[in-house]
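Report on the structure given below.
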Amino acid sequence: MLPWTTYEAMYDAAISQPEQFWLEAAQRITWKQAPVSACRTRADGWHDWFPDATLNTCHNAVDRHVEDGRGEQAALIWHSCATKERQVVTYRELQGRVAGFAGGLRALGVGQGDRVLIAMPTMIETAIAMLACARIGAVHVVVFAGYAGPELARRIDDVAPKVIIIASCSFQGQTPVPSVPALKEALAKTAHRPQACVIVQREACPAPLLPERDHDFRTLEQSAPAEPVTLRSEEPLYILHTSGTTGHPKGIVRDNGGHAVALALSMELIYGCKPGDTFFTTSDLGWVVGHSYGVYAPLLSGCTSVIVEGGASASAIRVLCHEHDVKCLFTTPTQMRLMRQESRSLSGAILPTLAHIFVAGEYADPTLLEWARSYFRKPVVNHWWQTETGWSITAHFFGLPEREPVTLMNDIGRPAPGFCPAIVPPIPGEQCGEIVLSLPLPPGCLTGIWKDGAIRVPAAYLDETNRYYRTFDEGMIEAGRAVHMLGRSDDVIKVAGRRISGVQIEKIIATHPAVHACAVVAIADTLRGQRPVAYVVPDAEAACAPSAEEIVARVNAVLGRWIGLKEVRFVRHLPTTVSGKITRKRLLVS
Ligand code: AMP
3 MLPWTTYEAM YDAAISQPEQ FWLEAAQRIT WKQAPVSACR TRADGWHDWF PDATLNTCHN
63 AVDRHVEDGR GEQAALIWHS CATKERQVVT YRELQGRVAG FAGGLRALGV GQGDRVLIAM
123 PTMIETAIAM LACARIGAVH VVVFAGYAGP ELARRIDDVA PKVIIIASCS FQGQTPVPSV
183 PALKEALAKT AHRPQACVIV QREACPAPLL PERDHDFRTL EQSAPAEPVT LRSEEPLYIL
243 HTSGTTGHPK GIVRDNGGHA VALALSMELI YGCKPGDTFF TTSDLGWVVG HSYGVYAPLL
303 SGCTSVIVEG GASASAIRVL CHEHDVKCLF TTPTQMRLMR QESRSLSGAI LPTLAHIFVA
363 GEYADPTLLE WARSYFRKPV VNHWWQTETG WSITAHFFGL PEREPVTLMN DIGRPAPGFC
423 PAIVPPIPGE QCGEIVLSLP LPPGCLTGIW KDGAIRVPAA YLDETNRYYR TFDEGMIEAG
483 RAVHMLGRSD DVIKVAGRRI SGVQIEKIIA THPAVHACAV VAIADTLRGQ RPVAYVVPDA
543 EAACAPSAEE IVARVNAVLG RWIGLKEVRF VRHLPTTVSG KITRKRLLVS
């Protein structure tokens with residue numbers, strides 16, 4: 003279905019003829035009312051994709067595949083690394099369960115535009131709850147199940163959900179953690195009161211149901227089925243709070259039509275997947291990658307999606323890839339590092355159906371990618387994402403006949419269609435700077451921020467001219483459009499007035515064979531403003547431990563002595579966010 007053979011032809015088509023490009027891309031979706039125009043500027047200055055066209059995302063992700071003869075194909079395969087359970091749900095079964103649960107939500111009074119908060123680990127029921135909301139036009143707000151009461155409370159008050167759905171427990175490793183105490187703590191703090199709570203009972207730790215408030219998930223699934231409602235393309239599908247390190251979490255709002263089109267196109271163009279292929283993401287469904295590539299993109303494309311609860315080990319990933327003929331694996335560098343550590347006791351993987359592996363979410367050092375390539379003996383590439391964009395800003399394009407230049411493989415790739423990055427250097431003439439994206443952003447990106455019950459222009463992300471979206475990521479753009487990432491603008495260290503990204507130093511330290519992980523932060527220096535300090539986790543399996551002198555010499559050899567790295571602190575582990583990203587700011591206070 004792709005009309006282009008080269009990256010340049012594809013990218014240029016999206017830039018020079020965006021209406022034609024996106025209307026053509028929209029043909030991957032079954033519309034109730036097909037779009038006649040691709041993009042419209044809203045009265046508030048932001049943009050709507052496929053205005054006035056109508057569709058239902060759940061129908062596109064589930065029902066139409068049953069109608070097209072895929073009813074007996076697995077839609078979702080779930081594996082719990084905590085309980086070792088495995089479940090396979092066909093498209094036909096998924097349709098029945100989603101329609102029934104959608105009917106149950108309706109019976110609880112949930113209607114179009116109402117918010118439903120889902121605080122669940124990665125389970126089949128999480129995906130069912132998301133799709134059921136989409137079916138009846140309710141807006142789902144999935145919250146990472148590991149959040150404690152106060153974080154949950156902030157999100158409840160932000161979106162005022164009519165119904166909250168939880169599992170009776172989640173797991174930390176193999177240990178069940180009951181969810182009701184966190185919900186109770188949250189509801190003791192919130193001004194908002196949900197109308198009802200729905201609980202998925204898990205064998206390891208069932209929860210008592212409060213008669214006036216609580217409902218059993220599986221009983222609700224037996225409700226009279228609800229048919230998909232017709233929604234305008236621009237109506238909200240979901241709200242997802244960003245994992246930002248500073249300030250209040252922002253509720254990113256995603257639409258129905260633009261989201262469906264962008265994800266369906268990306269499956270073909272970026273991941274090289276067609277209907278019937280199996281896609282495996284290790285991301286928790288509570289994060290954007292879990293939303294986009296655990297649930298929506300594979301299902302919109304008639305693929306099978308493998309999802310996992312808990313951190314999958316290298317051997318579990320291998321077994322799942324092997325047993326379910328996975329074509330594309332999407333994971334994180336952190337997961338990859340863990341796999342590297344564990345795989346020392348395993349031989350290289352032989353996985354005939356696996357075509358390629360993608361990582362995203364944080365910096366992936368080239369040595370890690372090289373290791374993964376030699377372990378899997380498959381192409382392994384990095385690509386760049388934000389919760390706000392919903393799909394990758396830059397990527398590698400396995401759907402095109404043209405092969406990527408090998409030199410690009412260690413970087414985050416080239417812009418996806420419709421993303422127009424530019425660099426804003428702090429000093430004119432410099433090559434590095436913040437990466438901004440010209441507006442409008444392509445379909446699939448945020449339609450606004452949820453605030454006080456309304457969708458507002460994401461003003462905090464706009465530059466002073468209102469023509470660019472600020473990514474707050476730093477990098478540079480090379481000839482051939484290759485984008486290089488240097489990390490968040492807030493990771494930048496200024497040594498004697500010269501800029502250096504902590505990530506740039508980390509890249510060098512990570513090449514030391516006895517280093518497992520590292521993070522570089524800036525501390526105040528009376529003479530030079532700031533100086534870097536490296537926190538290093540030695541590789542427990544290495545023949546000999548790394549020394550501070552070796553690490554400093556390595557950095558100096560590449561960047562020069564002006565960097566002023568003198569201190570290397572050896573630690574057993576680095577603090578991370580719940581999504582596994584290193585929280586450098588916490589290093590500074592530890
Ligand atoms: P989140 O919205 O939580 O997914 O985080 C988005 C941020 O993660 C981006 O702004 C980047 O700072 C970082 N990020 C995402 N993908 C990559 C990547 N491939 N390499 C380096 N950093 C990345």
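Going by the numbering used here, the sequence shown opens with residue 3, and the numbers climb by one from there.
In this text, a Cβ means the ideal position worked out from N, Cα and C, and glycines have one as well.
Remember, predicted model here, so these are calculated numbers, not experimental data.
- Looking from the CA of W51, the closest CA among A362, A36, V64 belongs to A36.
- In this structure, F103 has its CB at a distance of at least 7 Å from all heavy atoms of ligand 1.
- Between the beta-carbon of F400 and that of H358 there is about 6 Å, and that keeps the pair under the 8 Å contact cut.
- Proximity of the beta carbon of S39 to ligand 1 is not indicated: no heavy atom of the ligand is located closer than 7 Å.
- Fully contained in the stretch 380-444 are the following beta strand (DSSP E) runs of length 3 or more, in chain order: 382-384, 423-426, 435-440.
- Three or more Cβ pairs closer than 8 Å define a contact, and the stretch 533-542 meets that threshold against the stretch 514-524.
- Look at R530 here: in three-state DSSP terms it is coil, with no helix or strand label.
- For the set I166, A104, E476, the Cα lying nearest the Cα of G139 is the one of A104.
- When secondary structure is reduced to three states using DSSP, E87 falls in the coil class, being assigned neither helix nor strand.
- Not one heavy atom of ligand 1 falls within 7 Å of the beta-carbon of D160.
- Burial check for R157: the Cβ neighbour count within 10 Å reaches 16 or more, so the residue is buried.
- Contact annotation: M125 and I168 have beta-carbon atoms that are not nearer than 8 Å.
- Contact between Q203 and D218 holds, with the beta-carbon distance rounding to 6 Å and staying under 8 Å.
- Under the Cβ criterion (8 Å, minimum of three pairs), the stretch 338-353 does not count as touching the stretch 286-293.
- By the Cβ rule, the stretch 359-374 counts as touching the stretch 579-588, because three or more pairs are nearer than 8 Å.
- Residue side-chain check: E153 keeps its Cβ at 7 Å or more from all non-hydrogen atoms of ligand 1.
- If you ignore the 5 residues before and after Y463, its C-beta comes within less than 6 Å of the C-beta of Y471, R472, all in its own chain and listed in chain order.
- Taken atom to atom, the span from the alpha-carbon of E10 to that of F572 is near 46 Å.
- Per DSSP, Q506 is one residue of the alpha helix (DSSP H) stretching across 504-511.
- A16 and A28 have their C-alpha atoms roughly 13 Å apart.
- Judged by DSSP secondary structure, Y93 falls within the alpha helix (DSSP H) whose first and last residues are 93-109.
- In this structure, the alpha-carbon of V231 lies about 34 Å from that of W386.
- A straight-line Cα-Cα distance of about 26 Å links Q388 and E404.
- Counting along the chain, no beta strand (DSSP E) covers A131; the unbroken alpha helix (DSSP H) around it starts and ends at 126-138.
- Relative to ligand 1, H518 has its C-beta separated by 7 Å or more from all heavy atoms.
- When the five nearest sequence neighbours on each side are left out, the beta carbons in the same chain lying within less than 8 Å of the beta carbon of Y13 are those of R416, P417, P419, R483, in order along the chain.
- Here T449 is near I457, since their CB atoms are less than 8 Å apart.
- Counting every other CB atom within 10 Å of its CB across the protein chains shown gives H575 a total below 16, marking it as exposed.
- It is roughly 26 Å from the alpha-carbon of P577 to the alpha-carbon of L331.
- In terms of CA proximity to T192, V161 leads the group V161, L212, I479, T221.
- Boundaries of the beta strand (DSSP E) harbouring M487: 485-490, taken from the DSSP string.
- Placement of the Cβ of T355 at a distance of 7 Å or more from every heavy atom of ligand 1 is found.
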